[in-house]
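Residue numbers for the sequence shown follow UniProt numbering, beginning at 1 and rising by one. Each remark here refers to the structure printed beneath this line.
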Amino acid sequence: MKRFKIFFFIAFICCSKLFAQSTDLQLAKQFAANGEQQKALDIYQKLYKQDNENYFNVYFTSLLAAKKFDDAISIAKKMIHKHPEDHQYIILLGTAYTQQGNIDKANALYDELLNNLPTDQGQISMLAAQFYQNTNIDYAIKIFQQGRKILHSDNIFSYELINLYRYKRDKVALTEEYLNFLPTNPSFISQAENSFSTIYEGEADYNILKIELLKRIQKDPQQTLYAELLTWQFLQQKEFDLAMNQALALSRRLNDDGNSIFELCRTLVTNEAYDAAINGYEYLIDKGKNHDLYIPAKIELINTKNLRVTSGKYTNEDLLSLEKDYKDLLDEFGQNGNTAFAMQKLANLECFKLHKLDEAQKLLESAIKLPDIKGQQLASCKLDLGDVLLLNNEPWDATLLYSQVEKDYPNTSIGQDAKYRNAKLAYYTGDFTWAKGQLDVLKAATSQLIANDALNLSLLISDNIKEDTSGAALKMYARADLQIFAEIPEKAVKILDSIDTKFPGNSLSDDILMAKARLRIQEKDYTGAVLLLKKIADEHSFSLWADDAVFMLGDIYENHLADKEQAKTYYQKIITDYAGSLWINEARKRFRILRGDKNDVSS
Numbered sequence: 001m002k003r004f005k006i007f008f009f010i011a012f013i014c015c016s017k018l019f020a021q022s023t024d025l026q027l028a029k030q031f032a033a034n035g036e037q038q039k040a041l042d043i044y045q046k047l048y049k050q051d052n053e054n055y056f057n058v059y060f061t062s063l064l065a066a067k068k069f070d071d072a073i074s075i076a077k078k079m080i081h082k083h084p085e086d087h088q089y090i091i092l093l094g095t096a097y098t099q100q101g102n103i104d105k106a107n108a109l110y111d112e113l114l115n116n117l118p119t120d121q122g123q124i125s126m127l128a129a130q131f132y133q134n135t136n137i138d139y140a141i142k143i144f145q146q147g148r149k150i151l152h153s154d155n156i157f158s159y160e161l162i163n164l165y166r167y168k169r170d171k172v173a174l175t176e177e178y179l180n181f182l183p184t185n186p187s188f189i190s191q192a193e194n195s196f197s198t199i200y201e202g203e204a205d206y207n208i209l210k211i212e213l214l215k216r217i218q219k220d221p222q223q224t225l226y227a228e229l230l231t232w233q234f235l236q237q238k239e240f241d242l243a244m245n246q247a248l249a250l251s252r253r254l255n256d257d258g259n260s261i262f263e264l265c266r267t268l269v270t271n272e273a274y275d276a277a278i279n280g281y282e283y284l285i286d287k288g289k290n291h292d293l294y295i296p297a298k299i300e301l302i303n304t305k306n307l308r309v310t311s312g313k314y315t316n317e318d319l320l321s322l323e324k325d326y327k328d329l330l331d332e333f334g335q336n337g338n339t340a341f342a343m344q345k346l347a348n349l350e351c352f353k354l355h356k357l358d359e360a361q362k363l364l365e366s367a368i369k370l371p372d373i374k375g376q377q378l379a380s381c382k383l384d385l386g387d388v389l390l391l392n393n394e395p396w397d398a399t400l401l402y403s404q405v406e407k408d409y410p411n412t413s414i415g416q417d418a419k420y421r422n423a424k425l426a427y428y429t430g431d432f433t434w435a436k437g438q439l440d441v442l443k444a445a446t447s448q449l450i451a452n453d454a455l456n457l458s459l460l461i462s463d464n465i466k467e468d469t470s471g472a473a474l475k476m477y478a479r480a481d482l483q484i485f486a487e488i489p490e491k492a493v494k495i496l497d498s499i500d501t502k503f504p505g506n507s508l509s510d511d512i513l514m515a516k517a518r519l520r521i522q523e524k525d526y527t528g529a530v531l532l533l534k535k536i537a538d539e540h541s542f543s544l545w546a547d548d549a550v551f552m553l554g555d556i557y558e559n560h561l562a563d564k565e566q567a568k569t570y571y572q573k574i575i576t577d578y579a580g581s582l583w584i585n586e587a588r589k590r591f592r593i594l595r596g597d598k599n600d601v602s603s
């Protein structure tokens, strides 16, 4: 019993001491947080004297913060004497010398550690980690490099050095280390690409990689990983033709399944490098009808040709050639659920580009009757058929199809699209009251694009009905808008130019400018569109279309006129002048990208 009491008493004393130390430590931290460094230092010193093992680090750090370097050096030396095998205290002594300004003394300590490394991989890693923890990246790297020499292996410590070079943003060393590491660790190629894209800042940096890759390909042409990386490097520099040529050369050499080419083609299409993508798809088709990618490549080839034709200036011959490609595809594979998408695309081409309304209508009517067509595809074809019927002067049949889709897909994006098309049909035909009722519901649509368009059209109607209750001028404008939708610019311009003559003093001047700007964009006349949009921004800065015009100017300068500075100016204008605009988030994002930083833009 007596022994138990003694044990209990000792335990009580120890626990009380620990509790007191814990309380003192919290108090010291609070003093430090409040800027009362001396009070904190006094407590740390007391704790260190009570238990120099556990409280060395906090006391040492507080001495450095207080610039009491001699005291820090003194206690570091005591710990080195006490624990001569524990190198962390030597590194901390070097830290104190460095902060005191005695860099040579610090380096002498570090060099001694470097020159007396043990021939043990684990101990070398631990020592490098201790340098890293003390933010001495250069010596952590030197330790690993020296470790390679004494262990006679150039392959160890690769992952550690990669992380250190990335942390230090040493582009040349990181590039070389990865290129040495990857041949035996090919699964890390995606990580390498991510690291390069994060650390490289421009063409000069990517050229470091390109030069190294070309050297290694020449030295070791059988190493396919370098060729893959070179393809990726060409993509980053937007040298799309070179990327495809490199990928094709590798695919031919390996005689592979072509999946990498197919994926590359998709990337190129996303970057609007249509010619390079077409080259890739044709390569896959040439592998023959029995090849797994023959049908997907044939489909994507025609889709890519469609994008190339419709995204640039094109001739009627270009359109007819594309029409023939779609018809050849349907002749080869027939009309069925798997080719419904091609029927739909051909119908859109015939409706909006070739203006063959009857042929487009027949094709879509056949598509929606296909027994194996999928639900979403069926709904999409019905909406497109409604558009064709509208343009073919059959609005009642058009609204019936829109309403079917809206009923079949309530509270979905395609259902909201159907509702919006129905509202636009009413607008085109002059039923503004019903159209506005539908549009006001759609202002809360989950699709931001539909919500934005619905809001604009609703405001267009209300603003102009307010000025002219008969809506006569607006009806004329809506007829012009329908011709813009049909992609018949001559008729649209003729109607727009007649509005002021028939209805002088109308309130549609900014709307007419926007309609004409949209026509210019439709015709790829971006310079002409800029003049009209600037007129809206300058002369109608408080109108419905003002923020749209400013954002469109930024987009045109960025993506069509290759003037990034002007684009930045207009995106900045959205941010500063139109804080309530629906374009604000997109403008902020684009401005940030063009400025080349990752910080949010608030002004």
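Glycine included, every Cβ here is placed at the ideal spot set by N, Cα and C.
When rounded, the separation of the alpha-carbon atoms in residue 386 and residue 480 is 19 Å. Relative to the Cα of residue 207, the nearest Cα in the group 219, 171 and 183 belongs to 171. Excluding residues up to 5 positions away in sequence, 309, 349, 353 and 354 lie with their Cβ nearer than 8 Å to the Cβ of residue 319 in the same chain.
Counting C-beta atoms within 10 angstroms of its own C-beta, residue 253 has fewer than 16 neighbours from the protein chains shown and is therefore classed as exposed. By the neighbour-count definition (other C-beta atoms within 10 Å, threshold 16), residue 78 is an exposed residue. Comparing C-alpha distances from residue 161 to each of 284, 263, 128 and 226 shows the shortest one belongs to 128. The stretch 138–145 makes contact with the stretch 107–124, as at least three CB pairs between them are under 8 Å. If you ignore the 5 residues before and after residue 181, its C-beta comes within less than 6 Å of the C-beta of 158, all in its own chain and listed in chain order.
Cβ-Cβ distances below 7 Å link residue 336 to 370 and 372 in the same chain, with the five nearest sequence neighbours on each side left out; the list follows chain order.
When the five nearest sequence neighbours on each side are left out, the beta carbons in the same chain lying within less than 8 Å of the beta carbon of residue 38 are those of 66, in order along the chain.
With respect to the C-alpha of residue 74, the residue from 504, 92, 492 and 406 having the closest C-alpha is 92. In the DSSP assignment, residue 417 falls within the alpha helix (DSSP H) that extends over 413–428. Look at residue 169 here: in three-state DSSP terms it is coil, with no helix or strand label. The alpha-carbon separation between residue 557 and residue 568 amounts to approximately 9 Å. The DSSP assignment places complete alpha helix (DSSP H) segments of no fewer than 4 residues inside the stretch 153–238 at 158–168, 171–181, 189–199, 203–219 and 224–236, in order along the chain.
Per the C-alpha coordinates, the member of 414, 452, 328 and 432 positioned closest to residue 582 is 452. Taking C-alpha positions only, residue 260 is separated from residue 285 by approximately 14 Å. Between residue 454 and residue 439, the C-beta spacing is below 7 Å.
Here residue 232 has 193 as same chain residues with Cβ atoms under 7 Å from its own Cβ, once five neighbours each way along the sequence are excluded.
Approximately 14 Å separates the beta-carbon atoms of residue 322 and residue 298; this is outside 8 Å, ruling out the contact. Per the coordinates, the alpha-carbon of residue 269 lies some 20 Å from the alpha-carbon of residue 249. For residue 502, the enclosing alpha helix (DSSP H) has its first and last residue at 489–502.
A residue is called buried once 16 or more other Cβ atoms fall within 10 Å of its Cβ, and residue 311, having fewer, is exposed.
Around the beta carbon of residue 375, a 10 Å sphere encloses fewer than 16 other beta carbons of the protein chains shown; the residue is thus reported as exposed. Segment contact: the stretch 417–426 against the stretch 388–399, three or more CB-CB distances shorter than 8 Å; contact assigned.
Going by beta carbons, residue 200 and residue 216 fall outside the 7 Å limit.
In this structure, the beta-carbon distance from residue 404 to residue 450 does not fall below 7 Å. Shown here, residue 542 sits in coil according to DSSP, grouped into three states, outside any helix or strand.
Spatial neighbours of residue 244 in its own chain (CB-CB distance under 6 Å, excluding positions within 5 residues in sequence) are listed in chain order as 276, 279 and 280. Contact between residue 234 and residue 271 is absent: CB atoms are separated by about 12 Å, not below the 8 Å threshold. Under the DSSP assignment, residue 74 falls in the alpha helix (DSSP H) whose first and last residues are 69–82. If you draw a straight line from the Cα of residue 412 to the Cα of residue 398, it is about 20 Å long. At a Cβ-Cβ threshold of 7 Å, residue 363 and residue 347 count as neighbours.
Residues of the same chain with a CB within less than 6 Å of the CB of residue 461, apart from the 5 flanking positions on each side, are 432 and 436 in chain order.
Rounded to whole angstroms, the Cβ separation of residue 496 and residue 515 is 6 Å, and the two are in contact under 8 Å.
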